[in-house]
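Number of protein chains: 2
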Amino acid sequence: MVPLRTKVNKRELILTEASKLFKDRGFGGTGMRDIAEKVGMEAASMYNHIKSKDEILELICFKIADAYTTQLSEIANTEASFQDKLKQIIKVHIDLMIHDAAAVSVANNDWKYLRDEKKEEYKSIRKSYERSFAFVLEEGMKSGEFKTMNVSVALFTILSSLRWIELWYKPSRDISAEELEEELSTILLNGINI
Amino acid sequence: MVPLRTKVNKRELILTEASKLFKDRGFGGTGMRDIAEKVGMEAASMYNHIKSKDEILELICFKIADAYTTQLSEIANTEASFQDKLKQIIKVHIDLMIHDAAAVSVANNDWKYLRDEKKEEYKSIRKSYERSFAFVLEEGMKSGEFKTMNVSVALFTILSSLRWIELWYKPSRDISAEELEEELSTILLNGINI
DNA sequence: GTCTATACGTCGATAGAC
DNA sequence: GTCTATCGACGTATAGAC
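For the record, the sequence lines run as chains A and B. Residues in the first sequence are numbered from 1 upward in steps of one, following full-length UniProt numbering. Residues in the second sequence are numbered from 1 upward in steps of one, following full-length UniProt numbering.
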């Protein structure tokens with residue numbers, strides 16, 4: 001007898017369906033009744049599994065934020081070359097986006113709907129992620145692997161260029177995650193010029 | 001006596017303030033009363049200048065979409081090299097973003113709140129813009145100026161990498177539009193590797 | 001744990017005086 | 001053209017029967 005199991009699954013089902021709806025219609029454009037319909041229960045019943053609509057958004061955003069920060073710190077602590085570290089970071093972004101596209105999209109676009117307190121926490125986690133990423137770029141420049149340039153410009157260009165996948169990638173695309181990583185690494189490391 | 005003049009100005013003031021609010025809090029997170037407060041009138045009074053909240057969003061989104069498509073078609077019709085065309089497109093994106101940051105941000109993020117009919121129209125304009133841009137990349141590859149690669153990947157990587165400026169740029173940043181263009185062109189054309 | 005019924009606030013938008 | 005007052009719809013969330 002595993003009574004808790006059912007509760008966990010319903011809860012995750014709510015988060016999954018909410019992620020998809022938030023991605024398509026935005027947090028403000030999605031109602032509790034919309035989510036409930038997808039889950040297969042009445043809106044009121046969902047409150048047995050989650051505390052509020054705000055909590056749903058928080059769980060989605062921080063799950064993704066944690067995934068990124070955990071994996072980045074693992075990469076940063078290896079002995080690989082900076083170029084390899086960058087390639088691995090690119091791979092993490094692509095894999096997370098392909099594996100959990102809806103949630104990543106929500107974290108990237110709807111975090112501004114977080115309650116003030118949680119919004120500040122989210123921004124702080126993101127800033128810390130950016131600092132760690134910037135450190136890899138900075139050290140890579142010092143070591144001579146990367147061109148010396150404005151670190152912020154390089155950082156945000158890379159971060160931003162990785163975000164389009166969330167809008168574009170579908171399993172039906174005739175390109176694999178590996179090919180995507182390969183092409184993106186080439187563009188960012190060597191540019192599109194011959 | 002220029003009675004229409006006043007009306008036009010109030011209308012544009014509403015659009016300006018709405019752009020800023022939509023950018024910060026999202027379309028769904030912004031109320032007519034919020035906009036009215038910034039404009040300096042009651043919510044009801046705004047309906048003398050605009051038809052509805054939806055119309056505000058439409059005017060913002062299509063103003064930006066038109067600006068992009070107009071300028072792209074001018075660039076595409078010149079005789080410059082493909083590398084120069086790409087540099088000019090990058091410049092257009094940066095200039096528009098710096099000149100009209102809030103509206104660009106709204107067009108990029110809140111277009112999904114457009115009414116269905118307008119949303120389809122917006123998506124169609126954007127798709128046509130992407131096709132023209134892709135054509136420049138494709139011809140540049142054929143001519144040997146650019147590496148031969150997946151055109152969609154190159155296109156969206158470039159488009160997406162230009163979007164972070166909307167989140168980051170402030171007039172107080174100690175980097176000029178020209179430097180930004182220079183650095184971004186370098187990264188996208190030649191990569192960050194030495 | 002799920003339902004029906006509903007409380008209660010906020011939303012966009014309108015009516016009508018001035 | 002701006003205001004006050006208010007409508008009606010819809011939002012999240014709760015109460016209480018089963």
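Built from N, CA and C at the ideal position, the CB exists for glycine as well. None of these values were measured; they are calculated from a predicted model.
Exercise. Can you list the residues of chain B that residue 160/A reaches, using a CB-CB cut of under 7 Å?
Worked result: Against the first sequence, residue 160/A aligns to sequence position 160. Ordered by position in chain B, the residues that pass the 7 Å Cβ test against residue 160/A are 160, 161, 163 and 164.
Problem set entry | DSSP state of residue 146/A mapped onto helix, strand, coil | One-based indexing of the first sequence puts residue 146/A at position 146. If DSSP states are grouped into helix, strand and coil, residue 146/A belongs with the strands.
Problem set entry | Unbroken stretches of the alpha helix (DSSP H), 4 residues or longer, contained in the region 63–115 of chain B | 82–99 and 101–110
Problem set entry | Option in 104/B, 119/B, 11/B and 121/B with minimal Cα separation from residue 51/B | Numbered from its first residue, the second sequence carries residue 51/B at position 51. Selected option, being the one with the closest Cα: 11/B.
Exercise. By how many angstroms is the C-alpha of residue 122/B removed from the C-alpha of residue 62/B?
Worked result: Numbered from 1 along the second sequence, position 62 holds the residue referred to as residue 62/B. Numbered from 1 along the second sequence, position 122 holds the residue referred to as residue 122/B. Answer to the nearest angstrom: the Cα atoms are 7 Å apart.
Problem set entry | Under 8 Å between C-beta atoms of residue 47/A and residue 98/A | Counted from its first residue, the first sequence places residue 47/A at position 47. Counted from its first residue, the first sequence places residue 98/A at position 98. Cβ distance not < 8 Å, so residue 47/A and residue 98/A don't count as in contact.
Problem set entry | Any 3 or more C-beta pairs closer than 8 Å across the region 134–153 of chain B and the region 131–145 of chain A | no
Exercise. The region 109–122 of chain B: which residues have C-beta closer than 9 Å to a C-beta of chain A, in chain order?
Worked result: 109, 110, 112 and 113
For this session: For residue 103/B, collect the residues of the same chain with a Cβ closer than 7 Å to its Cβ; drop the 5 residues on either side in sequence, then sort them by chain order.
Result: In the second sequence, the residue the question calls residue 103/B occupies position 103. Counting only Cβ-Cβ distances below 7 Å, and skipping sequence neighbours, we find 19, 60, 63 and 64.
For this session: Find the nearest neighbour of residue 147/A within the set 101/B, 92/B and 183/B, judged by alpha-carbon distance.
Result: Position 147 of the first sequence holds residue 147/A. The shortest Cα separation from residue 147/A among 101/B, 92/B and 183/B belongs to 183/B.
For this session: Starting from residue 83/A, find everything on chain B with Cβ-Cβ shorter than 8 Å and list it in chain order.
Result: The count along the first sequence starts at 1 and reaches residue 83/A at position 83. Per Cβ cutoff of 8 Å: 193.
For this session: Give every residue of the same chain whose Cβ lies closer than 7 Å to the Cβ of residue 154/A, excluding the five residues on either side of it in the sequence, and list them in chain order.
Result: Taking the first sequence and counting its residues from 1, the one referred to as residue 154/A is at position 154. Taken in chain order, the residues that qualify are 137.
For this session: Specify whether the region 69–87 of chain A and the region 125–134 of chain A touch according to this definition: at least 3 beta carbon pairs, one from each stretch, less than 8 Å apart.
Result: yes
For this session: Under 6 Å Cβ to Cβ from residue 43/B, same chain only, skipping five residues before and after it: list those, please.
Result: Residue numbering aside, residue 43/B sits at position 43 when the second sequence is read from its first letter. The answer, listed in chain order, is 32, 33 and 36.
Exercise. Measuring CB to CB, does residue 191/B end up less than 8 Å from residue 188/A?
Worked result: Position 191 of the second sequence holds residue 191/B. Position 188 of the first sequence holds residue 188/A. Yes, the Cβ-Cβ distance between residue 191/B and residue 188/A is below 8 Å.
Exercise. What does a CB cutoff of less than 6 Å around residue 201/B pick up in its chain, not counting 5 residues either side in sequence?
Worked result: No statement about residue 201/B is possible, as the shown extent of chain B runs from 1 to 194 and does not include it.
Exercise. Alpha carbon to alpha carbon, how far is residue 150/B from residue 180/A?
Worked result: As a first step, residue 150/B must be located in the second sequence, where it is residue number 150. As a first step, residue 180/A must be located in the first sequence, where it is residue number 180. Near 9 Å, if we compare the C-alpha coordinates of residue 180/A and residue 150/B.
Exercise. Would a C-beta distance cut-off of 8 Å place residue 89/B and residue 75/B closer than the cut-off?
Worked result: Walking along the second sequence from the start, residue 89/B turns up at place 89. Walking along the second sequence from the start, residue 75/B turns up at place 75. Cβ atoms of residue 89/B and residue 75/B: closer than 8 Å.
Problem set entry | Nearest residue (CA-CA) to residue 177/B, options 118/B, 132/B and 96/B | One-based indexing of the second sequence puts residue 177/B at position 177. Nearest C-alpha to residue 177/B: 96/B.
Exercise. Between residue 154/B and chain A, is there a C-beta pair that is closer than 8 Å?
Worked result: On the second sequence, residue 154/B is found 154 positions in, with the first residue counted as 1. It does; some Cβ of chain A falls within 8 Å.
For this session: Have a look at 185/A, 113/A, 163/A and 133/A and flag the residue whose alpha-carbon is nearest the alpha-carbon of residue 30/B.
Result: Within the second sequence, numbered from 1, the residue matching residue 30/B stands at position 30. It is 113/A whose Cα lies nearest to the Cα of residue 30/B.
For this session: With 8 Å as the threshold, decide whether the Cβ of residue 271/A is near any Cβ in chain B.
Result: The requested residue 271/A is not part of the displayed model; chain A covers only 1 to 194.
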